[in-house]
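Residue numbers (the UniProt record's numbering): 1 to 319.
To keep things clear, I will list the structure first and then write my remarks on it.
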């Protein structure tokens, strides 16, 4: 945190002086306290009150002064604000290997559940689109702020949804880039700030080379965050015969590094949710420095009201 008028913080010395004066006055008062021998009379003229009540209004008042001084110094802090026209494309692998049950209940179902939680956690003004890919890639939901359409699209993420077997990571990237470019009439000349979140469990087996597609993403200034999902012990059952489908994240790591995105690994549904939450804190935002003096002034006014209420309640006077 920084201050636009730091010299005003010297006024805090005045608050410190008041604290010292208050403590000195209390000690002086106790030193010259009158001693009564008639306890009944003492109870009537000076009924016992808890010590904290006597000091609370003054404490709140002094804390209020300190907060107002800090607010008067005009503090600033970096805050995250959503980018205008921020666009997030979620690309999910729907190849046969995503039916492996090494993740409960299976990789694809867990991916759908986590994707739904992820998009629901994004600001409502974000444009979010959905791409399904296996041996080819297709846009299931063009980027928009319509979350209901996105939920329906996530439900349509089923094995073989693209009609072609395989894992086309490069095609998924290019298809997502195409959806971003078609966002609105301005996108061709004024591209929106965008991110691609791509989840898969294997290496590329068809379509465009992922590194070449990553170069296209770099040219478009669109980072690709990749998620390698699954374990080395995954397998799918085909006609009673188990087929090993171990997770392979080397290609995904290379794509993320090439585009400036983040590479993540998840082997359980809980880890996948944590990955999505981590990504959600970074995509589509920018940091700006804003004046936050209102926070301190507002809290100071609350303390002032508390001091006044306590003084009137217990002593029938204002502090």
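Note that the Cβ used here is the ideal one computed from N, Cα and C, for glycine as well.
Since the structure is predicted, the reported quantities are computational estimates derived from the model, not experimental observations.
Residue range of the unbroken alpha helix (DSSP H) whose run includes residue i
i           : result
residue 250 : 250-259
residue 114 : 107-121
residue 216 : 210-219
residue 269 : 269-280
residue 189 : Residue 189 -> no alpha helix (DSSP H), and no H or E assigned at all.
Residue burial classification, residue i (beta-carbon count within 10 angstroms, cutoff 16)
i           : result
residue 55  : exposed
residue 156 : exposed
residue 171 : buried
residue 303 : buried
residue 183 : buried
residue 262 : buried
residue 36  : A caution first: residue 36 carries a pLDDT of 49, below 50, which makes its placement in the model unreliable, though a value can still be read off. When all chains shown are included, residue 36 counts as exposed.
residue 77  : exposed
residue 64  : buried
residue 242 : exposed
residue 20  : exposed
residue 188 : exposed
residue 343 : Outside the modelled stretch of the chain, which goes from 1 to 319, sits residue 343, for which no answer is possible.
residue 226 : buried
residue 305 : exposed
residue 264 : buried
residue 281 : exposed
residue 162 : buried
residue 249 : buried
residue 239 : exposed
Min CB distance residue i to chain D below 8 Å
i           : result
residue 223 : Checking the listed chains, one finds no chain D in this structure; it contains a single protein chain.
Span separating the alpha-carbon of residue i from that of residue j
i           : j           : result
residue 5   : residue 79  : 19 Å
residue 120 : residue 309 : 42 Å
residue 67  : residue 75  : 11 Å
residue 288 : residue 81  : 7 Å
residue 2   : residue 109 : 47 Å
residue 299 : residue 247 : 52 Å
residue 150 : residue 130 : 7 Å
residue 290 : residue 10  : 22 Å
residue 191 : residue 146 : 20 Å
residue 276 : residue 228 : 12 Å
residue 295 : residue 278 : 27 Å
residue 311 : residue 7   : 33 Å
When the options are compared against residue i, the one with the closest alpha-carbon
i           : options            : result
residue 86  : 167, 180, 18       : 180
residue 216 : 255, 206, 166      : 255
residue 235 : 300, 104, 62, 15   : 104
residue 107 : 231, 261, 241      : 231
residue 160 : 260, 7, 137        : 137
residue 206 : 233, 196, 173      : 173
residue 272 : 12, 145, 113, 58   : 113
residue 259 : 295, 220, 189, 277 : 220
residue 168 : 192, 208, 147, 144 : 208
residue 135 : 312, 204, 198      : 204
residue 124 : 144, 162, 140, 111 : 144
Beta-carbon gap between residue i and residue j smaller than 8 Å
i           : j           : result
residue 133 : residue 93  : yes
residue 98  : residue 201 : yes
residue 18  : residue 60  : no
residue 223 : residue 195 : yes
residue 185 : residue 91  : no
residue 71  : residue 269 : no
residue 274 : residue 57  : no
residue 245 : residue 100 : yes
residue 111 : residue 199 : yes
Delimiting residues of the beta strand (DSSP E) encompassing residue i
i           : result
residue 199 : 194-200
residue 144 : 137-144
residue 130 : 127-133
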